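Be aware that the sequence shown starts at 17, since it is given in this note's numbering, and climbs by one per residue.
Even for Gly, the Cβ is constructed at its ideal location relative to N, Cα and C.
These numbers come from a predicted model, not from an experiment.
Report on the following structure.
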Amino acid sequence: MSPWVRHFPTWFAPFLTHFRHAAQRTWAPLYVRGLCSAASRKSMHPLAAVVAPGKEDHVQHFITDSPWTTHPLETLLAERAQQMLGGKDAVLIIDDTCLTKFGTKSVGVARQYSGQVGKITSCQCLVSLTLAHLPVPLALRLFLPQEWTSDPVRLQAAGVPLEHQQPQTKWALALQELDRVREHVTFGMVLADARSARGASVPPRADRAWTAVVRRDHPHAEGLSQGGPIDPHPQVLSGQKTQVPHPLRRPAIGRRGPQRCCHAAPGVATWDQGPPLSGRFAAVCVRLADGEENAQGQHLPGQAAWIIGEQRRGEERKYYVCNLPENTPLSRLVEVNKRRWACELTHRELKDEVGLDHFEGRSWQGLYHHAVLCMVALTFLQWLRLTQPDDLKGNTVPTIRAEVGPCHLNADLVAPAQLYSVVPEFPRSTATVQRKTYLPTYFSIRPLIGLMNKELLGASDRWVLRLFVLKRCGLVEVVCQNKKGRGP
Numbered sequence: 017m018s019p020w021v022r023h024f025p026t027w028f029a030p031f032l033t034h035f036r037h038a039a040q041r042t043w044a045p046l047y048v049r050g051l052c053s054a055a056s057r058k059s060m061h062p063l064a065a066v067v068a069p070g071k072e073d074h075v076q077h078f079i080t081d082s083p084w085t086t087h088p089l090e091t092l093l094a095e096r097a098q099q100m101l102g103g104k105d106a107v108l109i110i111d112d113t114c115l116t117k118f119g120t121k122s123v124g125v126a127r128q129y130s131g132q133v134g135k136i137t138s139c140q141c142l143v144s145l146t147l148a149h150l151p152v153p154l155a156l157r158l159f160l161p162q163e164w165t166s167d168p169v170r171l172q173a174a175g176v177p178l179e180h181q182q183p184q185t186k187w188a189l190a191l192q193e194l195d196r197v198r199e200h201v202t203f204g205m206v207l208a209d210a211r212s213a214r215g216a217s218v219p220p221r222a223d224r225a226w227t228a229v230v231r232r233d234h235p236h237a238e239g240l241s242q243g244g245p246i247d248p249h250p251q252v253l254s255g256q257k258t259q260v261p262h263p264l265r266r267p268a269i270g271r272r273g274p275q276r277c278c279h280a281a282p283g284v285a286t287w288d289q290g291p292p293l294s295g296r297f298a299a300v301c302v303r304l305a306d307g308e309e310n311a312q313g314q315h316l317p318g319q320a321a322w323i324i325g326e327q328r329r330g331e332e333r334k335y336y337v338c339n340l341p342e343n344t345p346l347s348r349l350v351e352v353n354k355r356r357w358a359c360e361l362t363h364r365e366l367k368d369e370v371g372l373d374h375f376e377g378r379s380w381q382g383l384y385h386h387a388v389l390c391m392v393a394l395t396f397l398q399w400l401r402l403t404q405p406d407d408l409k410g411n412t413v414p415t416i417r418a419e420v421g422p423c424h425l426n427a428d429l430v431a432p433a434q435l436y437s438v439v440p441e442f443p444r445s446t447a448t449v450q451r452k453t454y455l456p457t458y459f460s461i462r463p464l465i466g467l468m469n470k471e472l473l474g475a476s477d478r479w480v481l482r483l484f485v486l487k488r489c490g491l492v493e494v495v496c497q498n499k500k501g502r503g504p
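Structure follows, in structure tokens:
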């Protein structure tokens with residue numbers, strides 16, 4: 017018995033309760049299975065060809081037009097992530113990932129920087145939240161550039177809801193999602209990329225009771241020595257007395273400061289849970305020069321934070337800002353900072369394994385439906401990896417997906433001890449369907465009887481078909497009547 021049949025119906029059952037209509041409850045698990053399949057392309061039509069041949073229109077309607085909301089699924093996804101990885105040792109990572117896209121009609125598409133290709137290109141940008149150390153996706157929010165938010169006609173054509181049409185920065189989107197997931201997930205600190213957190217303090221808001229670590233990939237970082245004196249009202253020889261305080265010292269770490277810091281007290285630190293990796297790092301505790309700005313453009317000392325320098329191959333250096341306590345050892349600073357890269361692994365697996373970037377639709381609703389089900393699919397694969405005591409435990413996500421994906425629908429459609437209703441396709445003008453057996457539908461087995469029906473449909477306007485499909489779990493009976501309601 018395949019891992020899919022053994023585990024997925026039970027694992028996915030709580031998600032089904034949030035779909036209001038039977039058709040949605042039929043196509044949701046099929047779509048997730050298609051995302052986990054071995055299909056080379058996981059846009060709607062190639063995916064439907066794998067899980068429901070001949071039903072491409074049904075799959076497209078489920079993703080682009082069917083009015084089901086994603087919020088309950090995201091909440092349940094966060095609760096599953098909490099069960100798997102939540103706790104004080106967990107890290108929440110804020111980043112963004114881009115989906116390369118051409119044309120002008122797809123929602124949010126614009127020329128903007130894409131980390132995937134390392135340059136400005138035409139793409140959609142999704143702000144992401146990931147729970148690590150072993151990464152599980154929590155949220156994806158589409159960022160709308162200014163050229164979109166300033167064009168109401170374009171927003172309406174793409175189906176963007178009114179509450180999302182106002183311009184917002186990536187950092188604002190990230191904070192909204194963070195406030196949402198905090199109700200369901202516990203974590204010890206937050207890691208963020210400098211591009212997303214640019215212009216934000218550390219931590220971003222003082223009323224949030226969590227520790228933030230912000231990665232700075234800037235050529236320099238500026239700060240004041242910890243505890244540097246401040247003259248609240250500097251003396252002036254003439255004119256009005258200044259109202260804005262000034263620091264008595266120039267910033268101790270400037271454009272050349274981090275280089276001196278890196279050479280002053282370098283250390284070799286290791287990280288990772290597998291074979292240890294090592295690198296050369298140095299850190300100094302300062303007060304960030306991000307406080308109030310005076311008339312001369314000079315910033316007062318702000319919050320206390322660590323500036324961490326990393327010496328990479330050659331002359332390449334990277335700098336990070338971290339607000340962990342002053343007594344934090346260098347090894348801890350490095351280990352926490354390197355955990356940010358777990359989100360890169362999540363983005364790669366979302367795209368390579370479950371086809372996040374394969375979506376070819378243009379609408380807001382279609383993109384969000386596809387993105388949420390991609391997160392559900394990847395979370396299920398991670399759940400198999402982390403919790404199951406069988407052969408799948410400990411394997412990588414690509415290996416597990418390869419084990420789950422090749423299963424044919426014909427062989428593994430019906431799970432043990434589960435009975436599913438069978439509804440053959442008949443012309444609605446000549447027949448109505450009466451279900452003699454009905455239980456919650458986790459899978460549809462209509463593709464199995466499609467060919468049989470095609471041979472019978474044109475025979476007569478008045479016919480009766482009694483079909484028995486015997487699978488491992490039992491007997492399923494469907495009685496079809498003609499339009500006058502005559503039974504067998």
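Residue pairing for tyrosine 129: DSSP places it in a beta bridge opposite Ile136. Between the region 92-111 and the region 151-159 there are three or more C-beta pairs closer than 8 angstroms, enough to call the two in contact. Relative to valine 201, the option among Asn339, Ala106, Tyr384 whose CA is nearest is Ala106.
Nearest Cα to cysteine 390 within the set His77, Ser18, Gly50: Gly50. In the DSSP assignment, no residue is bridged to leucine 394. Annotation: the continuous beta strand (DSSP E) that includes threonine 116 extends over 107-116. Counting every other CB atom within 10 Å of its CB across the protein chains shown gives glycine 382 a total of 16 or more, marking it as buried. In the DSSP annotation of this structure, the continuous segment of the alpha helix (DSSP H) that includes phenylalanine 28 starts and ends at 19-32. Bounds of any alpha helix (DSSP H) do not take in aspartate 167, whose DSSP letter is neither H nor E. Assigned with DSSP and collapsed to three states, serine 56 falls in coil, not helix or strand. One alpha carbon belongs to aspartate 368, the other to proline 168, and they sit about 34 angstroms apart. For the pair phenylalanine 375 and serine 130, the CB atoms are not nearer than the 8 angstroms cut-off. For glycine 50, the enclosing alpha helix (DSSP H) covers residues 38-51. Apart from the 5 residues on each side of it in sequence, threonine 86 sits with its Cβ closer than 6 angstroms to the Cβ of Tyr384, Val388 in its chain, given in chain order. Of the residues assessed, proline 183 falls on the exposed side of the cut-off, its CB having fewer than 16 other CB atoms within 10 angstroms. Less than 8 angstroms separates the beta-carbon of leucine 147 from that of leucine 108. Per DSSP, the continuous beta strand (DSSP E) segment holding arginine 333 begins and ends at 333-338. Cβ-Cβ separation between leucine 158 and glycine 124: approximately 5 angstroms, consistent with a contact (criterion under 8 angstroms).
Contact between alanine 68 and leucine 46 is confirmed by a C-beta separation of about 6 angstroms, below the 8 angstroms threshold. Residue environment analysis places valine 392 among the buried positions, since at least 16 neighbouring C-beta atoms fall within 10 angstroms of its C-beta. Here DSSP, grouped into helix, strand and coil, assigns glycine 175 to coil. Judged by DSSP secondary structure, alanine 305 falls outside any alpha helix (DSSP H); it is assigned neither H nor E.
Partner residues in the beta bridge of proline 153, as assigned by DSSP, are Thr146. For valine 300, the pairing in a beta bridge is given by DSSP as Ile323. For valine 420, the uninterrupted alpha helix (DSSP H) segment begins and ends at 413-420. Nearest to threonine 116 by C-alpha distance, out of Glu193, Gly371, Arg355, is Gly371. Per DSSP, the continuous beta strand (DSSP E) segment holding valine 206 begins and ends at 205-209.
The continuous alpha helix (DSSP H) containing arginine 196 extends over residues 186-197.
Here isoleucine 324 really is in contact with phenylalanine 297; their C-beta atoms are around 6 angstroms apart, less than 8 angstroms. Isoleucine 416 and leucine 400 have their C-alpha atoms some 8 angstroms from each other.
In the structure shown, phenylalanine 159 falls within a strand segment according to DSSP collapsed to helix, strand and coil. Within the DSSP bridge table, the entry for histidine 315 names Glu309 as partners. Distance from aspartate 195 to aspartate 111 at the Cβ level is roughly 17 angstroms; contact not present, criterion being Cβ atoms closer than 8 angstroms. In the DSSP assignment, arginine 96 falls within the alpha helix (DSSP H) that extends over 87-101. By the neighbour-count definition (other C-beta atoms within 10 Å, threshold 16), threonine 412 is an exposed residue.
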